[in-house]
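Encoded as C-alpha cells, the structure appears first; notes follow it.
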Amino acid sequence: MNVMKNMQKWIYPALFALSCNAHAQTTLIKNVNGYSINNGQLSTFDAIEFKDDKITRLYNKQQPSISSDMRIIDADGKTMLPGLIDAHGHVLGWGLNLMRTNLRGSLSEAEAVERTRQFRQQNPELTWVQGRGWNQVLWQSKTFPTATTLDEHFPDTPVWLRRVDGHAGWANSAAMKLAGINKDSKAPAGGEIIRNEAGEPSGVFIDNAMSLISQAIPPLSITEQEAVLKTAMTDLASLGLTSVHDAGVGSNTIIAYKNLANKDEMPIRVYGMVAAGDSQFNKLMAKGPYQHQSQKLDFSSVKISADGALGSRGAALIEDYSDLHGHKGLLLHSNKQLKSYMLTAMQAGFQVNTHAIGDHANKLVLDSYEALIKQTNTKALRHRVEHAQILRLDDIPRFAKLGVVASMQATHATSDKNMAEDRVGADRIKGAYAWQKLLNANAVIAAGSDFPVESANPFYGLHASVTRQDHDNQPDEGWYTDESMTIAQALTSFTTAAAFSAHQEHQIGSLAKGMKADFIFIDRDIVKTDASQIWQAKVLQTWVDGQVVFNIEDK
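According to mature numbering (1 follows the signal peptide of the UniProt record, and there is no 0), the residues represented by the sequence shown are -24 to -1, 1 to 531, in order.
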C-alpha cells in the first residue's frame, strides 16, 4: 500500500470517518502542537502514534517511523492536549439542565420569572416546570425570591426552580400545595424553610428541606435517565472533557449507566460516586467497587455531603456568618451518621469523597478522616474533600499528611468573589479558595466545575485558575491573585491530578506510551496565548480510546 494514499490532511469529515472504521490500525498524527503533563511540568511533542486505544509513541523533533499500512493524519499545526477531566460534576443534572429553563445570569427575580414563562410557552406538555440557575446575589434586592411572583403566571402549574448551587429551591404555591406544605410544615434536620412575616412558607427551601418539594415530583424512569445521561455526556465531550467524576449517583442512575456501558453508548469515561443515603446504599457497599470491562465506567467511591453552600448561607462555619449574626450554616448529618457512612464505605474498599464548604464542615470531615483512616488503614484509597472551600489555615497541611485530595472548582472563586468576603470576613477569606497554600503544603488539587452549578466548560476553569478573574477580566488585577495557579499547575489539576484522584493516573491524564489515546484538539495555544483569553478556547475534536467522539464540523 502506498503510504501517500493513507495521508489525510486536516479535513474534518474524512478524519471522522477514518477514526470510526480503522480502529485496529496504527495511527500517526503528525504536525501537532502537542502538550502534556509530566510530573507537574509541561512537556511538548509534535507527533503521536497509537494503536487501538493505546498510545505507542510520542515524537518530539524526531522523524516518525512510517510503515506502509499506517494511517497518517496531518494535524496542520493544531494544538493537542490530553483529554481534560472534570473531577466533580453532576451528569444527570447537566443533562436535565439542557432540557429545562436556564436561569443562570438572570439579573432580577422578575427576569427569572419571565424566562420561566417563556420556557413554559415552548414546552406546554410539561406537568411540572423545572429549572435552575437563579442567584439572588446578582439581583439588586439581594433577597430570596417568593412564590408570589411565580403565582402570577403559574396559578395552577407546579414550578420548582433550583438555585445555581443546587442548595436551595424556589417553589410556587401550586407546587407547595401538591407537596402538602403549609404554615405548620417543619423543616427536616439540615434544612430550612424560609418564611414570610406572617410565618407562611415563602417558597424558598434550603438544603435538606428541598426534599419536601422534590419528593412530590414524579421520578424519571431508568430509560429516561439513560437518554438524559447520553445527552449530557455527548455535550460534555464537545467541551473537551474525556472523563468526568459524577458526584453523587443514586442506585437507579447506576443501573442506567451500566445499561449504557453494556450497549457501548458512553462517549466519555465516568468515575461515579455512589450517593450516601440512597435506599440501596448498604447493598451497593456490600457488592464492593465496580469497574466495567470497557474501562469507561467505574463506581469505586462514595459521595457524602457534610454541609450546604456559601451563597445560600448553608455552609457550616465555626463562627457566625459575617453578614448574618447568629447564623453558622447547616450540617446535613449528625456526626454519628457522617462517620457511619464513612466507615461503611471505607470498610467496603470505597474511596470516600465528602462535600465540605464551610470551615466547620472541613474541620469535621478532616477530623473524621484522621480517625477512620487510621482505624481502617485506608490512606491508600486517597479519600477526598469535595470543594474544600473555606479552610482554617491550620487545616491546610492536614490534606497531604492524611493523603486526602482537595477536589476543588476554580470557577467557584470567580463566581463567589462578589459575596464570599461578605459571608466570611477579611480574616477567614485567607483560607478560602486557597490553591497555592494547598499546593505549597504538598496537597493534590483535582479540578472540576461542579456542573451544572457552574458551566462544565473546562477552559473556564483553566482561565479562572490562572487569572482569578471573570470573563470581563475583573477585578483588574485578579481576586487574591497570590492564590493563582500557573498554566502548568492548572493543566495538571485538570489532567494528571484529576486522574490520580480516581486512581487512574496510569491510564489517563497524560499522553505517553501505554496510556489511553484520549486527547483533544483546540483552536488556540492556551500555553502561549494571553491568559485572559483562555476561556475563549474552542474544542475542534475530542478523541476517546483512539476514536473521535466529537467533531466541531458535525455540529
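By construction, the Cβ of each residue, glycine as well, lies at the ideal position given by its N, Cα and C atoms.
Is it buried or exposed, residue 538, if we count other Cβ atoms within 10 angstroms and call 16 or more buried?
A question about residue 538 goes unanswered here, because the residues of the chain that appear run from -24 up to 531.
DSSP beta-bridge partners of Glu25
Answer by DSSP bridge pairing, in chain order: Leu4, Arg33.
Integer-rounded CB distance, given that Thr77 should sit under 8 Å from Arg91
The pair is a contact, with the Cβ atoms about 6 Å apart (cut-off 8 Å).
Are Met322 and Leu348 closer than 8 Å when you measure CB to CB?
yes
With a threshold of 16 other CB atoms inside 10 Å of the CB of His221, please say whether the residue is buried or exposed.
buried
So Leu137 and Trp110 are in contact, right, with Cβ under 8 Å, and what is the actual spacing, rounded?
6 Å
Proximal residues to Leu260 (C-beta, below 6 Å), its chain only, five neighbours per side dropped:
Val250
Shortest alpha-carbon distance to Ser190 belongs to which of Glu25, Val135, Ala237?
Here the closest residue by C-alpha is Val135.
Leaving out five residues on either side along the sequence, give the residues of the same chain with a beta carbon under 7 Å from the beta carbon of Ala474.
Ile61, Ala63, Ala422, Ala423, Gly485.
Threshold first: 4 residues or longer. Then list the alpha helix (DSSP H) segments lying entirely within the segment 162 to 224, N to C.
187 to 190, 198 to 214
Return the chain-ordered list of same chain residues with a C-beta closer than 7 Å to the C-beta of Ala232, the five sequence neighbours on each side being excluded.
Ile198, Gln201, Glu202, Leu205
Distance cut-off 7 Å: Gly216 Cβ against heavy atoms of the ligand SAH
Inclusion of the ligand SAH in the displayed structure is not the case, the ligand content being empty and no account of it being possible.
On the DSSP letters alone, give me the boundaries of the beta strand (DSSP E) that Asp274 sits inside.
Run containing Asp274: 273 to 281, per the beta strand (DSSP E) assignment.
Give the secondary structure of Gln445 by DSSP, where H, G and I count as helix, E and B as strand, and everything else as coil.
coil
Beta-carbon contacts of Gln412 that lie in its chain and below 8 Å, excluding the five residues immediately before and after:
So the qualifying residues of the chain are Asp458, Glu459, Ser460, Met461.
Taking Leu83 as the reference, give the member of Gln106, Thr119, Ala389, Leu293 with the closest Cα.
Thr119
Taking the alpha carbon of Phe526 as the reference point, which residue from Pro195, Phe95, Ser19, Ile244 has its own alpha carbon closest?
Ile244
On the DSSP bridge assignment, give the partners of Pro58 in chain order.
Phe495
Do the CB positions of Val524 and Ile496 come within less than 8 Å of each other?
no
Looking only at its chain, what residues have a beta carbon closer than 6 Å to the beta carbon of Thr2, apart from the 5 residues adjacent to it on each side?
Lys27, Met46
How is Asp343 classed by DSSP in three states: helix, strand or coil?
helix
I need the DSSP call for Arg139, collapsed to helix, strand or coil.
strand
Are the CB atoms of Arg404 and Ile366 nearer to each other than 8 Å?
yes
Report the partner residues of Ser12 according to the DSSP bridge assignment.
Ser19
DSSP state of His479, grouped into three classes?
coil
Confirm, please, whether the CB-CB distance from His331 to Leu293 is below 8 Å.
no
Leaving out five residues on either side along the sequence, give the residues of the same chain with a beta carbon under 8 Å from the beta carbon of Lys489.
So the list reads Ile31, Thr32, Arg33, Leu34, once near-sequence residues are dropped.
First and last residue of the beta strand (DSSP E) that includes His363?
360 to 363
Just tell me which of Arg358, Ser316, His363, Gly107 has its CA closest to the CA of Ile333.
His363
Taking a contact to mean a Cβ-Cβ separation below 8 Å, would you say Ala163 touches Ala147 in this structure?
no
Coarse secondary structure for Gly284, derived from DSSP in three states
Under the three-state reduction of DSSP output, Gly284 falls in the coil class, being neither helix nor strand.
Backbone CA spacing between Gly351 and Glu101 [nearest angstrom]
Sequence check: residue 351 is Gln here, not Gly. Between the alpha carbons of Gln351 and Glu101 lies a distance of about 54 Å.
Quick check on the DSSP output: the beta strand (DSSP E) that includes His331 runs from which residue to which?
327 to 332
Nearest neighbour of Lys263, chosen from Lys272, Ser276, Ser270 [CA to CA]:
It is Ser276.
Taking the alpha carbon of His268 as the point to measure from, which residue in Val278, Ala192, Lys234, Ser298 has its own alpha carbon closest?
Taking His268 as reference, the option from Val278, Ala192, Lys234, Ser298 with the minimal CA-CA separation is Lys234.
Within 10 angstroms of its Cβ, does Met75 collect 16 or more other Cβ (buried), or is it exposed?
exposed
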